[in-house]
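Remarks on the structure that follows.
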Amino acid sequence: MGIGIRAAGSSLPPALAPVADYLRRIDPETLPVVQEAMRIAESFAGGSAAVAAPAWARLATAEQDALSATLARLLIRFRSVEPLYVSRADQHSFDIAVRRLEGACHADYTFRAMADLFAGKGLTADTSARDIYMAESVL
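When we follow our numbering, the leftmost residue of the sequence shown carries the number 2, and every step to the right adds one.
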């Protein structure tokens, strides 16, 4: 996996596709939730964050918010049902899946922060969310 998730700084599907594979095996009932996040994410995926952030900004506000809410719900579910997921597989695969989901959440936050920055209304240091994710990966 490395420090970051391959291309996840500019595209969420590389982070979410393995999460979908994990859920397909461990919790198929939740699979439609991650698939919805992937559907939205694919609509603005780009080769770089500088390309993806403006594409994200062109999404309808409802789509932006739906993506963020869906990712947050997934992350909370993962953390809430960790013992169940681990019992259905193992701790290592759970840890990798949740880390990928965290990467998607941080990237989503960064897209919103970059869009705000480009619009002249960004908060100081808001675009450092992905940097924090990568630093935590090193730790």
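All C-beta atoms in this analysis are idealised placements derived from N, C-alpha and C, irrespective of residue type, glycine included.
By the criterion of a C-beta distance shorter than 8 Å, Leu-32 is surrounded in its chain by Ala-21, Leu-24 and Arg-25, once the five residues flanking it on both sides are discounted. Taking 4 residues as the minimum length, the alpha helix (DSSP H) runs contained wholly in the region 79-119 are 83-89 and 92-119, in order along the chain. Contact between Ala-56 and Leu-13 does not hold, since their C-beta atoms are separated by about 12 Å, which reaches or exceeds 8 Å. Taking one beta carbon from each stretch, the region 78-94 and the region 50-67 have fewer than 3 pairs nearer than 8 Å; the two do not touch. By alpha-carbon distance to Phe-119, the top candidate from Arg-59, Pro-19 and Arg-78 is Arg-59. Following the DSSP letters along the chain, one finds Ala-50 inside the alpha helix (DSSP H) bounded by residues 50-58.
Scanning its chain for C-beta atoms nearer than 8 Å, with the 5 sequence neighbours on each side dropped, one finds around Met-39 the residues Leu-13, Pro-14, Leu-17, Ala-18 and Ala-21, in chain order. DSSP, reduced to helix, strand and coil, places Leu-32 within a helical segment of the structure shown. Here Arg-74 is exposed, its C-beta having fewer than 16 other C-beta atoms within 10 Å. In the three-state DSSP reduction, Leu-13 falls in the coil class, being neither helix nor strand.
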